[in-house]
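Notes follow once the structure below has been shown.
Residue numbers (full-length UniProt numbering): 1 to 128.
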């Protein structure tokens, strides 16, 4: 029996060490890969967020100045210092009432479902 154990130990030890070393190397590589993928996704989300916020800010400024222009234009046409602003404000009040009373959230949910359908899988390069 001791002959069998000695023979088994001498042949298995280098191979077992090699397998364990390969497994450790594989795990280290896999951990590095997950870290890199996570870093890329965070970077992509950050860039997308900054881009979206920038576009929203510029769009909001454009919208505000366009409304001021329309209100001042109406003031000039109506020869009044305030009726243009009142008309623009009334327009947005009517829009608010229409949205509060008449528009259901399901309409927006359907639109969001169509726009954002499978965006996670489309952005994943490994699926292609």
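Heads up, the beta-carbon is just placed ideally off N, CA and C, and yes, glycines get one too.
Distance check for residue 37 and residue 21, CA to CA, integer angstroms please.
Taking the straight line joining both Cα atoms gives about 24 Å.
Should residue 104 be labelled buried (16 or more other beta-carbon atoms within 10 Å of its own) or exposed?
That one is exposed.
Identify, in the order they occur along the chain, each residue of the same chain with its Cβ nearer than 7 Å to the Cβ of residue 14, setting aside the five sequence neighbours on each side.
Once the five neighbours on either side are set aside, residue 14 has no close Cβ partner at all.
Within its chain, find whatever has a CB closer than 8 Å to the CB of residue 84; leave out the 5 residues flanking it on each side and keep chain order.
Excluding sequence neighbours, residue 84 sits near 70, 71, 72, 73, 74, 75, 76, 77 and 78.
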